[in-house]
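Q: Below: one structure in structure tokens.
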Amino acid sequence: MSLKSFEDLECWKAARELRIFVSRNILSKFPIDEKYALTSQLKRSSRSVSDNIAEGFGRYHYQENIQFCRIARGSLTEALNQVITALDENYIEEDLLQQFRERFERTKAILNGYINYLAKTKME
161 MSLKSFEDLE CWKAARELRI FVSRNILSKF PIDEKYALTS QLKRSSRSVS DNIAEGFGRY
221 HYQENIQFCR IARGSLTEAL NQVITALDEN YIEEDLLQQF RERFERTKAI LNGYINYLAK
281 TKME
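Quick note on numbering: this note's numbering labels position 56 of the sequence shown as 216, and the sequence is numbered without any gaps.
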């Protein structure tokens, strides 16, 4: 696997798509009184996924990269919880949660594959 930039990583591309989906389709549904609460939290957690993938890539050390990818996975799961909260608060409809969940599952699967790749490569 020849990667020149974190931008070449499929997991980063999926995380970017998820972040853009949140920004364009979900955050605007929240009421103004959530600006410094749920809106801010979801914005930060959805951005954190691609941020941590990029930072891990820049560490040039397998174990550190794996750790940052695990943090990214945690942020991904946090974002899902926040979107579920948005549904529970009636800020979004079930179909929007489902669209997010599809992106979540895709991103998680690719990220887990990358973590497994890094772990195997580290052992060689």
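Using N, Cα and C, we set each Cβ at its ideal position, and we do this for glycine too. Fair warning: this is a prediction, and the values are worked out from it, not measured in the lab.
#1: Tell me whether G234 sits in a helix, a strand or coil according to DSSP, three-state version.
#2: Who are the Cβ neighbours of L169 in its own chain at under 7 Å, not counting the five residues just before and after it?
#3: With a threshold of 16 other CB atoms inside 10 Å of the CB of R179, please say whether the residue is buried or exposed.
#4: Which residues in the same chain as K282 place their Cβ atom closer than 7 Å to its Cβ, once the five residues preceding and following it in sequence are excluded?
#5: I'd like the list of long-range same chain contacts for Q242, defined as Cβ closer than 8 Å, with 5 residues on each side in sequence excluded.
#6: Would a C-beta distance cut-off of 9 Å place K173 and Y251 closer than the cut-off?
#7: Alpha carbon to alpha carbon, how far is E167 from Q259?
#8: Rounded to the nearest angstrom, how far is the Cβ of L278 from that of N225, given a contact under 8 Å?
#9: Residues in its own chain within less than 7 Å of Y196 by CB, not counting five upstream and five downstream?
#10: Is R219 near K268, with beta carbons less than 9 Å apart?
A: Judging by the given coordinates:
#1: For the purposes of this step, residue 234 is taken as the residue at position 74 of the sequence shown. Correct three-state label for G234: helix.
#2: Residue mapping note: residue 169 aligns to position 9 of the sequence shown, counting from 1. Cβ within range, chain order: L163, I213, F217, Y274.
#3: Locating residue 179 in the sequence shown gives position 19, counting from the first residue. The residue is buried, with at least 16 neighbouring Cβ atoms inside 10 Å.
#4: Within the sequence shown, the letter at position 122 stands for residue 282. So the qualifying residues of the chain are Y222, Q223.
#5: Here residue 242 refers to the residue found at position 82 of the sequence shown. Excluding positions up to five away in sequence, the list reads L198, Q201, L202, S205.
#6: Locating residue 173 in the sequence shown gives position 13, counting from the first residue. Locating residue 251 in the sequence shown gives position 91, counting from the first residue. At a Cβ-Cβ threshold of 9 Å, K173 and Y251 do not count as neighbours.
#7: Sequence index remark: in the sequence shown, residue 167 carries index 7 (1-based). Sequence index remark: in the sequence shown, residue 259 carries index 99 (1-based). One C-alpha to the other measures close to 24 Å.
#8: Within the sequence shown, numbered from 1, the residue matching residue 278 stands at position 118. Within the sequence shown, numbered from 1, the residue matching residue 225 stands at position 65. The C-beta distance from L278 to N225 rounds to 6 Å, short enough to fall under 8 Å.
#9: Within the sequence shown, the letter at position 36 stands for residue 196. Closer than 7 Å at the Cβ level, and outside the excluded window around Y196, lies no residue.
#10: Residue 219 sits at position 59 when you count from the first residue of the sequence shown. Residue 268 sits at position 108 when you count from the first residue of the sequence shown. For R219 and K268, no; Cβs fall outside 9 Å.
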